[in-house]
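Which chain is which? The protein sequence lines are A and B, in order.
If you want my numbering, it's the position in the first sequence, counting the first as 1, plus 15.
If you want my numbering, it's the position in the second sequence, counting the first as 1, plus 15.
Protein chains: 2
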Amino acid sequence: MFKLLGTNKNARYGKLKLAHGEVETPVFMPVGTQGSVKAMYTDALIQIGFNIILGNTYHLYLRPGCNILDRFGGLNNFMNWDRPILTDSGGFQIMSLSKLTKIDNEGVHFQSHIDGKKFYLTPDLSMKIQHSIGSDIQMVLDQCIEFDDNISQVEQAMNLSLKWAELSKKSFLQSPGRLLFGIVQGGVDESLRIKSSKETIDIGFDGYAIGGLAVGEGHKLMLKTLDFTIPQLPTDKPRYLMGVGTPMDLIESVKRGVDMFDCVMPTRAGRHGLAYTKNGKINLRNSKYAEDKLPVDETSSCPITSRYSRAYLHHLFKSKEMLAGMITTHINLNYYNSIMVELRDAIFTQKLDDAILNIYENWDKKENI
Amino acid sequence: MFKLLGTNKNARYGKLKLAHGEVETPVFMPVGTQGSVKAMYTDALIQIGFNIILGNTYHLYLRPGCNILDRFGGLNNFMNWDRPILTDSGGFQIMSLSKLTKIDNEGVHFQSHIDGKKFYLTPDLSMKIQHSIGSDIQMVLDQCIEFDDNISQVEQAMNLSLKWAELSKKSFLQSPGRLLFGIVQGGVDESLRIKSSKETIDIGFDGYAIGGLAVGEGHKLMLKTLDFTIPQLPTDKPRYLMGVGTPMDLIESVKRGVDMFDCVMPTRAGRHGLAYTKNGKINLRNSKYAEDKLPVDETSSCPITSRYSRAYLHHLFKSKEMLAGMITTHINLNYYNSIMVELRDAIFTQKLDDAILNIYENWDKKENI
Numbered sequence: 016m017f018k019l020l021g022t023n024k025n026a027r028y029g030k031l032k033l034a035h036g037e038v039e040t041p042v043f044m045p046v047g048t049q050g051s052v053k054a055m056y057t058d059a060l061i062q063i064g065f066n067i068i069l070g071n072t073y074h075l076y077l078r079p080g081c082n083i084l085d086r087f088g089g090l091n092n093f094m095n096w097d098r099p100i101l102t103d104s105g106g107f108q109i110m111s112l113s114k115l116t117k118i119d120n121e122g123v124h125f126q127s128h129i130d131g132k133k134f135y136l137t138p139d140l141s142m143k144i145q146h147s148i149g150s151d152i153q154m155v156l157d158q159c160i161e162f163d164d165n166i167s168q169v170e171q172a173m174n175l176s177l178k179w180a181e182l183s184k185k186s187f188l189q190s191p192g193r194l195l196f197g198i199v200q201g202g203v204d205e206s207l208r209i210k211s212s213k214e215t216i217d218i219g220f221d222g223y224a225i226g227g228l229a230v231g232e233g234h235k236l237m238l239k240t241l242d243f244t245i246p247q248l249p250t251d252k253p254r255y256l257m258g259v260g261t262p263m264d265l266i267e268s269v270k271r272g273v274d275m276f277d278c279v280m281p282t283r284a285g286r287h288g289l290a291y292t293k294n295g296k297i298n299l300r301n302s303k304y305a306e307d308k309l310p311v312d313e314t315s316s317c318p319i320t321s322r323y324s325r326a327y328l329h330h331l332f333k334s335k336e337m338l339a340g341m342i343t344t345h346i347n348l349n350y351y352n353s354i355m356v357e358l359r360d361a362i363f364t365q366k367l368d369d370a371i372l373n374i375y376e377n378w379d380k381k382e383n384i
Numbered sequence: 016m017f018k019l020l021g022t023n024k025n026a027r028y029g030k031l032k033l034a035h036g037e038v039e040t041p042v043f044m045p046v047g048t049q050g051s052v053k054a055m056y057t058d059a060l061i062q063i064g065f066n067i068i069l070g071n072t073y074h075l076y077l078r079p080g081c082n083i084l085d086r087f088g089g090l091n092n093f094m095n096w097d098r099p100i101l102t103d104s105g106g107f108q109i110m111s112l113s114k115l116t117k118i119d120n121e122g123v124h125f126q127s128h129i130d131g132k133k134f135y136l137t138p139d140l141s142m143k144i145q146h147s148i149g150s151d152i153q154m155v156l157d158q159c160i161e162f163d164d165n166i167s168q169v170e171q172a173m174n175l176s177l178k179w180a181e182l183s184k185k186s187f188l189q190s191p192g193r194l195l196f197g198i199v200q201g202g203v204d205e206s207l208r209i210k211s212s213k214e215t216i217d218i219g220f221d222g223y224a225i226g227g228l229a230v231g232e233g234h235k236l237m238l239k240t241l242d243f244t245i246p247q248l249p250t251d252k253p254r255y256l257m258g259v260g261t262p263m264d265l266i267e268s269v270k271r272g273v274d275m276f277d278c279v280m281p282t283r284a285g286r287h288g289l290a291y292t293k294n295g296k297i298n299l300r301n302s303k304y305a306e307d308k309l310p311v312d313e314t315s316s317c318p319i320t321s322r323y324s325r326a327y328l329h330h331l332f333k334s335k336e337m338l339a340g341m342i343t344t345h346i347n348l349n350y351y352n353s354i355m356v357e358l359r360d361a362i363f364t365q366k367l368d369d370a371i372l373n374i375y376e377n378w379d380k381k382e383n384i
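Now the structure itself:
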């Protein structure tokens, strides 16, 4: 269940009530692809303040598989995470990771990227897997496009996705606190997005995702697409922008009325030495930090962020120490969460424009970095 | 300063007072080669109960180097660890890691394993580096042998090590709570070990290490060497068996009067899927654990050890998730520390034989694994 608690222009502050607890929106969900948010203990996620994470249906289906997930009563028990989980449908990873993908009207044939084993994912199977995972928010199976697909390919995929959305809804097992989200497709084309929105809403879901973005179209075209898509969506349901993005992507999308996000960026960048901070990005591998005694952000209330010097982190990355990725992942997830906390507060107090201006000014100042 | 607080036959319970705090012995010191105990936050080390870790002079000299260590006022500040540190002299890593090693009477020429840069390590330089690191316990530079060296090579290395021990002592900067340990060499030869012990004691150190073991001689020959070496050492100084070992190595050495240990085994094995538990070793990569809902040790008071199922850890190792190595390293270090706590208590209460029998019986039972 979603409750809208406040708005500031198009931006929204709300609350999701889910089987495993409540989630305030706008929210960023760390990605726990294979039953682990990479390099993070679940305790540390809770310490940062995260109340929901994302799991990937494609990966969890291949490994550990539904038998083991069923044996544990779902992913929460398996990975020691007692708060909500959202799962994608598997469609996106099939396109990006697996080999020999073949789509027909009923589903997708694919080969596992691990061992080449053949599978056939249908809307019904996707819902069954997500039921085994036991996620609080489940997504309909959709056909994902690539950015360079032509308009007729985009339209075809959109229409197939609408059909699969209906089939997904039929297979979804309703239970209290478990939601099913539809996904609006249509690439960056306004008329397709409007059509997809209408027909997805006609089927009727607990929330609406905007799919098919962050695939190479760039920040401006993504925002333009949001500008004509979001007004099509009902105000009383949560809106989830899939796979997005940079801190600026998040902020500009919240401003336009998006409620939920997920992205591998903070975790992946963290493992590769890029730290996100309130003063901008820091590439910790850069030798200019080799003797820098300052922490990544000395004003942060996060003990991990304010404790370790840039010189130490630089040393750990140069030395290929696991602790490098552990610390910087924590720093980035903390920063991402802190932005969402700040935006929620600002929406609630009707000061979103000021808050955003303040965030951008701090990035531009690049104090001490 | 070392205070002997109790004995049980040859085994000893004692306390070291060092610049950064007190350390109870017998003690196992986790290895923090490059300024990080691999995959472990320092908070987690403290949570387990460790009061001292080891740093490697060779690695820290090459990276980050003395300039940066001096800038930070030592390794403690650099890596956020406020408890004692012991450093080796660099000799062992030069032999095992670097290229083009050439020894003369004054020191060792070597090339960095990182970039091939040439260096010349002398007793004086080793002490200068350890001073920059700021370690509580520093080691004299010694010439390390290989297990297949013949007796005249072993004797030659031993004699050179004695000379370097004198030079190291001359260069060591005394200050309260900073100790310098000598290293007894002589391979597995009784007369050489006796000679090395006598002459090292004649020079006079705050503690005595037994070097040149755990290089392939095996458990029995190592214990035999301890049996004729330890009686040569003074009772009022700590004894440190370098680079050892398995849990059984530790237990049998404590029984014979060793006070201090370091080894990469628990951390390295942890990253590769091998968990040490009170019921024996568990190879978490083994498919027999794929559906095992039990934790590695459900009776452990360590939350990390008792929380995660073997099936989940198996999954994380198969999926190459960093969390796999993080959790299993923690489990192993906790187990190593718990053995030392148990042995200390048993020595203090004069029940060491019973305690050891109990530990071995639990390994043999292999309950539930």
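Ideal Cβ placement from N, Cα and C applies to all residues, glycine included.
My output table needs one value for residue i: the three-state DSSP class, helix, strand or coil.
i: Ile83 of chain A; result: helix
i: Arg359 of chain B; result: helix
i: Glu376 of chain A; result: helix
i: Asp369 of chain B; result: helix
i: Lys296 of chain B; result: strand
i: Gln153 of chain A; result: strand
i: Ile218 of chain B; result: helix
i: Arg27 of chain A; result: strand
i: Leu265 of chain A; result: helix
i: Tyr291 of chain A; result: strand
i: Leu256 of chain A; result: strand
i: Ser315 of chain B; result: coil
i: Phe134 of chain A; result: strand
i: Ala305 of chain B; result: coil
i: Gly117 of chain B; result: Gly is not the amino acid found at residue 117 of chain B; the sequence shown has Lys there. In this structure, Lys117 of chain B counts as strand in the three-state DSSP scheme.
i: Ala59 of chain A; result: helix
i: Ile129 of chain B; result: coil
Report back the beta-carbon spacing between residue i and residue j to the nearest angstrom; my notes put them in contact at under 8 Å.
i: Val199 of chain B; j: Ser211 of chain B; result: 5 Å
i: Ser407 of chain A; j: Asp157 of chain A; result: Absent from the structure is residue 407 of chain A, since the part of chain A shown begins at 16 and ends at 384.
i: Met154 of chain A; j: Ser104 of chain A; result: 4 Å
i: His35 of chain A; j: Asn92 of chain A; result: That pair is no contact at about 11 Å.
i: Pro138 of chain B; j: Ser183 of chain B; result: 4 Å
At what residues does the beta strand (DSSP E) containing residue i begin and finish?
i: His124 of chain B; result: 122-126
i: Asn23 of chain A; result: 17-23
i: Gly88 of chain B; result: First-last for Gly88 of chain B: undefined, no H or E at that position.
i: Phe196 of chain A; result: 194-199
i: Met44 of chain B; result: 42-44
i: Ile100 of chain B; result: 100-102
Please list the terminal residues of the continuous alpha helix (DSSP H) segment that includes residue i.
i: Phe107 of chain A; result: 106-112
i: Ala54 of chain B; result: Premise fails: Ala54 of chain B is in no alpha helix (DSSP H) and is neither H nor E.
i: Leu177 of chain A; result: 166-186
i: Ile144 of chain B; result: 138-148
i: Gly285 of chain A; result: 280-286
i: Leu69 of chain B; result: Segment 68-70 is the beta strand (DSSP E) holding Leu69 of chain B; no alpha helix (DSSP H) there.
i: Phe332 of chain A; result: 325-333
Stretch-stretch touch, CB-based, cutoff 8 Å, three pairs: the segment 367-382 of chain B with the segment 277-294 of chain B: yes
Against chain A: residues of the segment 281-298 of chain B by CB proximity under 7 Å: none
Residues of the segment 191-213 of chain B with Cβ closer than 9 Å to any Cβ of chain A, in chain order: none
Members of the segment 77-98 of chain A that neighbour chain B once the beta carbon cut-off is set at 8 Å: Arg78, Pro79, Asn82, Ile83, Arg86, Phe87, Phe93, Met94, Asn95
The segment 81-100 of chain B touching the segment 122-139 of chain B, judged by at least three CB pairs closer than 8 Å: No, the segment 81-100 of chain B is not in contact with the segment 122-139 of chain B.
Chain B contacts from the segment 42-54 of chain A (Cβ-Cβ distance under 7 Å): Gln49, Gly50, Ser51, Lys53, Ala54
Chain B contacts made by the segment 315-333 of chain A, where a contact means CB separation under 9 Å: Pro318, Ile319, Arg322, Tyr323, Ser324, Ala326, Tyr327, His329, His330, Leu331, Lys333
Any 3 or more C-beta pairs closer than 8 Å across the segment 125-134 of chain A and the segment 37-45 of chain A: no
Inter-stretch contact (C-beta, 8 Å, three-pair minimum) for the segment 273-283 of chain B and the segment 237-257 of chain B: yes
Cβ contact check for the segment 16-33 of chain B and the segment 356-370 of chain B: 3 or more pairs under 8 Å: Put simply, the segment 16-33 of chain B touches the segment 356-370 of chain B. At least three CB pairs are less than 8 Å apart.
Segment contact flag, the segment 212-225 of chain B with the segment 187-201 of chain B, C-beta cutoff 8 Å, min 3 pairs: yes
Touch test, the segment 109-116 of chain B against the segment 62-71 of chain B, Cβ-Cβ under 8 Å, three pairs minimum: no
Under 7 Å (Cβ pairs) to chain A, residues found in the segment 230-244 of chain B: none
Interfacial residues, the segment 124-138 of chain A to chain B, with Cβ spacing under 7 Å: none
Stretch-stretch touch, CB-based, cutoff 8 Å, three pairs: the segment 325-335 of chain A with the segment 230-243 of chain A: Taking 8 Å as the limit for Cβ pairs, the verdict is that the segment 230-243 of chain A does not touch the segment 325-335 of chain A.
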